[in-house]
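J.: Mind looking over this structure? Questions follow.
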Amino acid sequence: MQPVTLAVRSVGPCLLASLLASSSACGDLAHQSEAVRISPEPLIEIGEMEGAEAYLFSSIGQAFLLEDGRVVVSDEGVNEIRVFGPDGTFLNSIGRSGEGPGEFSGVTGLWLTPDALIGLWDRGNLRISTYRPDGELVSTNRLRVEGEEEYSVTPEVLFGPFGNGDMALASLEFGGSPDTPEAIPDRWVLARFGPGGEPRGALGDLRGMRRLRGQPLPFTPLPRVAVLGDSLFAADGYEAGIDVRGPDGAVGRTIILPTDDRSADTDSVWSALEAELRARNREMYLGMLERLPRSDEFPQIGGLLADDRGLLWVKLYDAPGDALWLGHGPSMRPGAGGEWRLVRPDGDILGTVRIPDGLSPLHITYPDFGLSVSGIELLRLALRNGWILAVLPNLAMVMTCPALGRARGLIGGWVGRVLGAVAASALGLGVFNLLRPFPITVDGDLVMYGHLGLAYWAWSAAFATVAVALWLRDREWASTRPKKSLA
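One rule links them: number in the numbering used here = place in the sequence shown (from 1) + 1.
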């Protein structure tokens with residue numbers, strides 16, 4: 002059974018970053034340019050090895066957060082959707098195996114619709130359904146592919162919803178056969194469908210996994226697709242490029258990501274794969290491994306997700322960790338752990354995120370609701386992670402309150418000098434950062450060069466403004482209220 006872990010850590014003074022993932026372990030995550038961190042201990046953990054049936058999962062497919070903090074999880078093994086409260090308590094389930102109303106036969110797509118309903122793609126029944134979180138069926142529509150020549154192969158996988166409610170679905174055409182002596186890639190055909198199941202047009206195709214004699218190779222690329230607004234970001238994984246496709250599927254541009262050359266590590270990668278297969282007693286794969294040519298070409302992209310702030314999370318392929326033969330869940334799920342690039346839709350790379358081993362991200366969001374964390378727990382996290390240091394300089398700002406009154410004295414000059422020193426130091430550091438961006442490291446490795454954000458400049462300017470005001474007041478250059486005349 003697989004537990005679902007929700008880890009939350011503050012992004013700034015007003016936001017929470019939530020990463021919903023299927024995992025057996027949780028650890029630190031750092032996106033240094035935004036100070037995003039995932040707590041080493043999850044605030045919400047759902048799933049048990051033994052216990053009530055509602056908390057036992059056979060094969061977690063997707064998961065996401067509702068606006069009020071409820072967690073929606075699909076269990077593909079039993080064709081069921083489960084809804085849990087913000088504290089992880091089971092609330093209700095949706096669906097069961099079958100072909101009738103409210104029954105599923107292959108749930109491979111789950112999403113939150115623009116009107117806050119649970120959207121569901123049922124591959125086996127070719128149905129698109131929406132439900133209220135309490136389990137009430139709102140709509141169900143069968144995909145209209147009969148008689149459509151361009152959809153000769155039935156769509157299987159949902160890659161994501163567009164901003165207007167349409168969906169990007171894909172069908173699979175297998176590459177090669179048991180008699181094919183060379184490695185042949187699959188072909189994925191992408192298409193756009195409306196929420197009522199009506200076809201809206203083709204979106205092009207992608208190369209899929211490589212197969213040799215009908216069997217997938219261990220280090221085979223997989224198509225990675227994310228949808229943002231009315232654009233589709235697609236990568237076949239063979240190269241470090243992400244095609245940006247418009248509503249009609251035409252490629253408008255390509256985002257190129259920097260990658261590492263792993264050719265020198267070929268032997269060690271294949272040896273590590275063999276060792277891991279032996280440790281897991283994968284005798285079938287070990288037999289196949291002996292007959293495979295050991296290629297020095299590896300995929301470049303191991304995962305692609307879009308968060309609700311319009312950013313792309315791109316996983317750099319990790320060999321041998323992302324090998325298809327070592328997978329634990331659905332093959333289209335991003336690999337666990339590794340390095341992820343945070344990329345804007347225009348291709349600008351914001352930084353590198355390290356996700357701990359064993360953590361497979363499913364949904365990344367920045368909710369505006371509060372989670373029930375005790376004050377003691379929040380203080381403990383603040384002390385352990387250094388957040389408290391961000392509060393201490395602001396105590397100096399509070400000290401200005403007595404000095405802003407009508408009475409002047411030594412306190413006004415003293416506070417002005419303190420704030421002036423803080424402001425000068427902060428502004429100087431900011432100017433230096435503009436000229437020479439700071440190197441940001443994670444676990445000793447350089448991951449990016451970062452600039453200080455607008456919040457830092459606003460904070461520094463506030464200190465400078467108050468310091469100047471106190472300095473002018475101390476010299477009586479600022480206007481004062483005239484004294485009353487006795488005449």
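Think of the CB as a built atom: it goes at the ideal place given N, C-alpha and C, for glycine as much as any other residue.
Residue 340 bridges to which residues according to DSSP?
T.: Its beta-bridge partners are 355.
J.: Applying the 10 Å Cβ sphere with the 16-neighbour rule, what's the burial state of residue 88?
T.: Exposed is the call here.
J.: Indicate the three-state DSSP secondary structure (helix, strand or coil) for residue 468 in the structure shown.
T.: If DSSP states are grouped into helix, strand and coil, residue 468 belongs with the helices.
J.: Buried or exposed, going by whether 16 or more other CB atoms sit within 10 Å of the CB of residue 69?
T.: Under this definition residue 69 is an exposed residue.
J.: If you draw a straight line from the C-alpha of residue 79 to the C-alpha of residue 55, how long is it?
T.: In a straight line, the C-alpha of residue 79 is about 11 Å away from that of residue 55.
J.: For residue 343 versus residue 312, is the C-beta distance shorter than 8 Å?
T.: Taking 8 Å as the Cβ cut-off, residue 343 and residue 312 qualify as a contacting pair.
J.: Output the residue ranges of the beta strand (DSSP E) runs that lie fully inside the segment 48-122 and measure 3 residues or longer, sorted by chain position.
T.: You should have 61-66, 72-76, 81-85, 91-95 and 108-113.
J.: From what residue to what residue does the beta strand (DSSP E) around residue 140 run?
T.: Residue 140 -> beta strand (DSSP E) spans 138-143.
J.: Can you tell me where the beta strand (DSSP E) holding residue 291 begins and where it ends?
T.: That residue, residue 291, is in no beta strand (DSSP E); its alpha helix (DSSP H) goes 284-292.
J.: Specify the secondary structure class of residue 267 as computed by DSSP and reduced to three states.
T.: Helix.
J.: Does the separation of the CB atoms of residue 270 and residue 203 fall below 8 Å?
T.: Their beta carbons are not under 8 Å apart, which means residue 270 does not touch residue 203 by this criterion.
J.: Check the C-beta distance from residue 109 over to residue 124 and give it rounded, since I have them as a contact under 8 Å.
T.: Contact holds; Cβ gap of about 5 Å.
J.: Three or more C-beta pairs under 8 Å: does that hold for the segment 456-469 against the segment 422-432?
T.: In short, these stretches touch, since the Cβ pair count reaches three.
J.: Does the distance from the C-beta atom of residue 259 to that of residue 303 stay below 8 Å?
T.: Contact flag unset, no.
J.: Does residue 255 pass the burial test, meaning 16 or more other C-beta atoms within 10 Å, or should it be called exposed?
T.: So residue 255 ends up on the exposed side.
J.: Helix, strand or coil for residue 446, going by three-state DSSP, please let me know.
T.: Since pLDDT at residue 446 reaches only 41, below the 50 mark, its modelled position is unreliable, and the value read off the structure follows with that caveat. Strand at residue 446.
J.: Can you list, in chain order, the residues of its chain whose CB lies under 6 Å from that of residue 197, leaving out five sequence neighbours each side?
T.: Excluding sequence neighbours, residue 197 sits near 142.
J.: So, are the CB atoms of residue 95 and residue 136 less than 8 Å apart?
T.: In contact: residue 95 and residue 136 (Cβ atoms closer than 8 Å).
J.: Output needed for residue 214: all residues of its chain with C-beta closer than 8 Å, excluding positions within five of it in sequence on either side, in chain order.
T.: So the qualifying residues of the chain are 177, 178, 179, 180, 181 and 182.
J.: Enumerate in chain order the residues of its own chain whose CB-to-CB distance from residue 102 is below 8 Å, with the five nearest sequence positions on each side excluded.
T.: Once the five neighbours on either side are set aside, the close Cβ partners of residue 102 are 138 and 141.
J.: Determine the direct distance from the alpha carbon of residue 316 to that of residue 243, and round the result to whole angstroms.
T.: About 12 Å.
J.: If I measure Cβ to Cβ from residue 205 and keep anything under 7 Å in the same chain, skipping five residues before and after, which residues do I get?
T.: 191, 246 and 250, listed in sequence order.
J.: Any idea what DSSP makes of residue 317, helix, strand or coil?
T.: If DSSP states are grouped into helix, strand and coil, residue 317 belongs with the strands.
J.: Kindly indicate the opening and closing residues of the beta strand (DSSP E) around residue 255.
T.: Run containing residue 255: 252-257, per the beta strand (DSSP E) assignment.
J.: Only counting the same chain, and skipping five residues up and downstream in sequence, which positions put a Cβ closer than 6 Å to that of residue 156?
T.: Excluding sequence neighbours, residue 156 sits near 170 and 172.
J.: Would you mind sorting residue 542 into buried or exposed? The rule is 16 or more other CB atoms within 10 Å of its CB.
T.: Nothing can be reported for residue 542, as the shown portion of the chain is limited to 2 through 488.
J.: Which term fits residue 363, buried or exposed, when burial requires 16 or more other beta carbons within 10 angstroms of its beta carbon?
T.: Answer is buried; the Cβ neighbour count reaches 16.
J.: Assuming the contact rule is C-beta atoms closer than 8 Å, residue 85 and residue 71 should be a hit. Round their C-beta distance to whole Å, please.
T.: Correct: roughly 7 Å between the Cβ atoms.
J.: Determine the extent of the beta strand (DSSP E) in which residue 227 is found, giving its start and end residues.
T.: It spans 225-229 - the beta strand (DSSP E) in which residue 227 sits, taken as one unbroken run.
J.: Hey, how far is the Cα of residue 365 from the Cα of residue 241?
T.: Near 22 Å, if we compare the C-alpha coordinates of residue 241 and residue 365.
J.: Going by DSSP, name the residue or residues bridged to residue 240.
T.: The partner list for residue 240 (beta bridge, DSSP) is empty, contrary to what the question assumes.
J.: Quick one: what's residue 234 bridged to in DSSP?
T.: DSSP lists 227 and 245 as partners of residue 234.
J.: Just verifying my parser: in three-state terms, what is the DSSP assignment at residue 407?
T.: With a pLDDT of 47 at residue 407, under the threshold of 50, the modelled position of that residue is not reliable, and no figure is offered here.
J.: Provide the residue span of the beta strand (DSSP E) that contains residue 333, from first to last.
T.: Unbroken run through residue 333: none, as it is neither H nor E.
J.: Mind checking who residue 158 pairs with in its DSSP beta bridge?
T.: DSSP output for residue 158 lists 171 as bridge partner(s).
J.: If the criterion is Cβ atoms closer than 8 Å, does the pair residue 356 and residue 339 meet it?
T.: A contact, by the Cβ cut-off of 8 Å.
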